[in-house]
Each structure stands twice: as C-alpha cells, then as structure tokens.
C-alpha cells in the first residue's frame, strides 16, 4: 500500500501543481516567469478527475512559502472484503539548487498521524525526479532563479540559456 500511495501522491502533486503551466509566461530581458493560481490548480482536470480511482477529495492549498496537498486514498481489498480509506495531508516547500527546482516534502500525516521518516524519504525521491523532468519539458533549458508562493498563486522565474 505504501509504494502505491507514494506513486499516486507523486502523480497528484505534479499534476495538481503544474498541469496549467501555460497560464502566464513573460519575457523581460531574458528572465521569464510563470504564474499559476490556486484556483486554476484546483480547477485543473487532474485535480477534479484524478488518474487513479483510489484517490479522491483532492485539494491544493497555497500558503506563504509552501503548498498543502490534501486527499483521500482508498485501498481496496479483494472482492467483497471492503476497503480502507486514509486521509493524507502533506506540506511541500520549493528548493532551488544550481538553477534546478525541487519540491521538498516537509511533513505528511495519514489519518492525523505523522508519516514515518522512511516514507517521507521515499516520497521525496519520487517527486523530485518527476518534477525536475516535467519542468524540463515545459520550460525547456534554463536556470530557475526564484519561486514565490503566496496565498493565491505560485510564480516561478527562470533564465533561458543564451543562444
């Protein structure tokens, strides 16, 4: 159940926060920026219709400097034996290292109980690699210079390579 939950959590994080990547991109003196609103994230198709049937009630809450992701995970048992639902809440912060943007899982709770350090490490590894690859495909080459998260939106600034 943990490995499946990690994969789905990674997919949801990536999809929920970056699907509407074409929202706003500007070019001023070589620096580009992209702004994504909380409303746009929560209205995106991947949030309203998650790719995994066992994920429901997804919401993304932007707060100053961090992103809160909440969702329910339902683990189905063999036919006729019912299901178990776990409510998950996670806190993510951006980190820029050598011009690359990473999302770092600060904490997670499952049904109100703190997730283990091992589970946090596994989730971080999944999301960091997937996020880096997604950004590379959406923005192309370049160096991320700043990420600002307010209560309403996320703004990512980067400089493309000189041609």
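Numbering (my numbering), first residue to last: 1 to 163. Backbone N, C-alpha and C define an ideal beta-carbon position, used for all residues, glycine too.
When the distance is taken between beta carbons, is residue j closer than 9 angstroms to residue i?
| i | j | result |
| --- | --- | --- |
| residue 150 | residue 159 | no |
| residue 70 | residue 57 | yes |
| residue 157 | residue 67 | no |
| residue 38 | residue 61 | yes |
| residue 36 | residue 154 | yes |
Counting only the same chain and skipping the five closest in sequence on each side, list residues whose C-beta sits under 8 angstroms from that of residue i.
| i | result |
| --- | --- |
| residue 107 | 90, 91, 114, 115, 120 |
What first and last residue would you give for the beta strand (DSSP E) that runs through residue i?
| i | result |
| --- | --- |
| residue 100 | 100-110 |
| residue 97 | 83-97 |
| residue 157 | 153-159 |
| residue 145 | 143-149 |
Enumerate in chain order the residues of its own chain whose CB-to-CB distance from residue i is below 6 angstroms, with the five nearest sequence positions on each side excluded.
| i | result |
| --- | --- |
| residue 85 | 72, 74 |
| residue 87 | 72, 111 |
Go through its chain and collect everything with a Cβ distance to residue i's Cβ below 7 angstroms, but skip five positions before and after it.
| i | result |
| --- | --- |
| residue 95 | 102, 104 |
| residue 42 | 59, 60 |
| residue 93 | 65, 66, 104, 106 |
| residue 81 | none |
| residue 77 | 83 |
| residue 22 | Unreliable placement is indicated for residue 22, whose pLDDT of 41 sits below 50; no coordinate value is reported for it. |
Can you tell me which of the options puts its alpha carbon nearest to the alpha carbon of residue i?
| i | options | result |
| --- | --- | --- |
| residue 152 | 124, 76, 64, 77 | 64 |
| residue 109 | 123, 43, 49, 162 | 123 |
| residue 34 | 161, 46, 147 | 147 |
| residue 98 | 78, 83, 143, 117 | 143 |
| residue 161 | 154, 141, 50 | 141 |
Would you give the residue range spanned by the alpha helix (DSSP H) that residue i belongs to?
| i | result |
| --- | --- |
| residue 40 | 38-43 |
Report task. Mind listing, in chain order, the continuous beta strand (DSSP E) runs of no fewer than 3 residues lying wholly within the stretch 45-77? Result -> 55-63, 66-76
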